[in-house]
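Everything on this sheet refers to the single structure shown next.
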Amino acid sequence: MKNAAARVGAVAVLALGLIVGGSVAAPAPAAATSYGKRITSSDPISCDRKMRDFAASVRGQGYRVTYYYGCWWSSSSQAFVGNISYEK
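Straight run, no breaks: the sequence shown in the numbering used here ends on number 151.
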């Protein structure tokens, strides 16, 4: 009996909100949290492999890869470098 009364009360509150306010506002979606990772390696093949493995790893954890910039030679780092951004 309590569940039925609670349902009737909830429907009444929603109906009142629609009649009085025009609509019941839904909460805004949470903003995505973005992360970044820089991959470095001494050779381009292992750098590319590390990039692919890391991207697969974060996808497996439920993240979405938003930016994937492959490996290039960085003279300042003296290594092959790649960047990945991902978000939840």
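The C-beta atom is built at its ideal place from N, Cα and C for all residues, glycine as well.
- Could you check the C-alpha separation between Arg115 and Ala142 for me, to the nearest Å? 17 Å
- Item | Cα-Cα separation between Ser137 and Val144, rounded to whole angstroms | 6 Å
- DSSP-derived helix/strand/coil call for Ser165: As displayed, the chain neither begins before 64 nor continues past 151, which places residue 165 out of reach and without an answer.
- Query: From what residue to what residue does the beta strand (DSSP E) around Gly99 run?
  - Reply: Ser97 to Ser104
- Task: For Glu150, collect the residues of the same chain with a Cβ closer than 8 Å to its Cβ; drop the 5 residues on either side in sequence, then sort them by chain order.
- Result: Ala95, Thr96, Ser97, Tyr98, Tyr126, Arg127 and Thr129
- Query: So is Ile108 buried or exposed if we call it buried at 16+ other beta carbons inside 10 Å?
  - Reply: exposed
- Alpha-carbon spacing of Asn146 relative to Asp111, whole angstroms: 11 Å
- Task: Would you give the residue range spanned by the alpha helix (DSSP H) that Gly123 belongs to?
- Result: Pro107 to Gly123
- Note down, in chain order, each residue of its chain lying with its Cβ closer than 8 Å to the Cβ of Ser152, except the 5 sequence neighbours on either side. Here the chain covers residues 64 to 151 and nothing more, so residue 152 does not appear.
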